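Notes follow once the structure below has been shown.
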């Protein structure tokens, strides 16, 4: 630089060389440009200090966690042990960021994946209906039987449980009564779920 | 004994100093007793030694009849700020690839780059070029031809010219020397003398050349 004293120039040069390695000890901000087979191509947030990168690996914070961050999302790149040959993506967009929701997300384990063991409620896919489990009771429908006033069997029909099925069963019973016969409704509400997927438990 | 010749691009100078470090770039300061205008890549002749370097315009100048010129070995590239760059190779990034690209970027010539292989990635931030070569090749230097070289260690050899030991400070590991020929003593020279308990290896050398040649050497004592 012109205008500097010789001493200041020399000190500046020495300091620049001494602090240069410490550049690798702070996380650097990047934007996601492309996802390629689990590696990210990134664009430096600020042109100059850091290069746009070729695909580099992710090192997510939880074991078994992986995913594809949204294109345009902000990530942090860190260098393991301050080594410029070991760059990894370690952090992703903040929850309030526009690109927080990733393209895909995976959580895996060779043993058990536990979600919300202490939670009072676990919501999946934004749903609000309860999930059926082995042992839960089921409404398996209604059998409507028609017999004569003397007790002789005339006919029978099955209607699936709840909703339209219950309405149809009630209408069938009314029709039997209207014909002079006697309806009997057998509601099969004592069913139980007896099997389910071996890999998912709730 | 005639005064050693100090010639810079055909101009005769009255004195010069030369710093030859074990690692890094040599630096020469040349003083003329008349105005001299020099710039760019030049050849400095000091006695039998020829050095090729670049005039540092910020450390050179003229006052009345005296001109002082500073030369930096090579093309003065290692002090430049190299732009950020990411290297990638699934088989591992070669150290030589990173350093050869860096040397070309800053205008230097590199010969004998290390043969190692890094991991699949190497990220070079925007920083002074010498920081990167120092990280990947801790022993690097610019030779008299202005070419940058690297090695596991600097080669050593016995002194190839006559020399006198003025004094030796074993505590500071410094020796003061006098000699007539510049070409036979430098970094890596092993000096033996009846006045020394053990031979000494020259690690760095600072020469003062006017009517004679005197040198201050930073040394390490070798096994007897």
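Residue numbers (our numbering), protein chains in the order written: chain A, 11 to 212; chain B, 603 to 826.
Cβ coordinates follow ideal geometry from the N, Cα and C atoms, glycine included.
Computed from a predicted model, the values in this text were never measured in an experiment.
Query                                                                                                                                                                                        : Result
Output yes if chain B places a C-beta closer than 9 Å to the C-beta of residue 91 of chain A; else output no.                                                                                : no
Would residue 198 of chain A be called buried (16 or more neighbouring beta carbons within 10 Å of its own) or exposed?                                                                      : exposed
For residue 84 of chain A, would you say it is in contact with chain B, using Cβ-to-Cβ distances shorter than 9 Å as the test?                                                               : no
Give me the chain A residues within the contact set of residue 647 of chain B, using Cβ-Cβ distance strictly less than 8 Å, ordered along the chain.                                         : None at all; the shortest Cβ gap to chain A is about 26 Å.
Relative to the C-alpha of residue 679 of chain B, which residue among B/626, B/714, B/822 and B/776 is closest?                                                                             : B/626
At 8 Å on the CB atoms, spell out the chain A contacts of residue 720 of chain B, in chain order.                                                                                            : 95
Identify each residue in the region 62-77 of chain A for which the Cβ-Cβ distance to at least one residue of chain B is less than 8 Å, and report them in chain order.                       : 62, 63, 64, 65 and 66
Where do the ends of the alpha helix (DSSP H) carrying residue 15 of chain A lie?                                                                                                            : It is not in any alpha helix (DSSP H) - residue 15 of chain A carries neither H nor E in the DSSP assignment.
For the region 633-719 of chain B, which segments carrying the beta strand (DSSP E) assignment without a break, of at least 3 residues, lie completely within its bounds, in sequence order? : 643-648, 651-657, 663-665, 668-675 and 687-690
When we look at the beta-carbon of residue 688 of chain B and count the other beta-carbons within 10 Å, is it buried (16 or more) or exposed?                                                : buried
Indicate the three-state DSSP secondary structure (helix, strand or coil) for residue 726 of chain B in the structure shown.                                                                 : strand
Compute the distance between the beta-carbons of residue 784 of chain B and residue 619 of chain B, then report whether it is under 9 Å.                                                     : no
Report yes or no: is there a C-beta of chain A within less than 9 Å of the C-beta of residue 617 of chain B?                                                                                 : no
For chain B, check one thing: does any of its Cβ atoms lie closer than 9 Å to the Cβ of residue 41 of chain A?                                                                               : no
Use the C-beta contact count for residue 111 of chain A: other C-beta atoms within 10 angstroms, 16 or more gives buried, fewer gives exposed.                                               : exposed
If you compare alpha carbons, which of B/616, B/663, B/607 and B/656 is closest to residue 16 of chain A?                                                                                    : B/663
Mind checking if residue 37 of chain A is an interface residue toward chain B, Cβ cutoff 9 Å exclusive?                                                                                      : no
Would you check if there are 3 or more beta carbon pairs closer than 8 Å linking the region 632-641 of chain B to the region 652-672 of chain B?                                             : yes
Would you list, in chain order, the members of the region 663-689 of chain B that have their beta-carbon closer than 7 Å to a beta-carbon of chain A?                                        : 681, 686, 687 and 688
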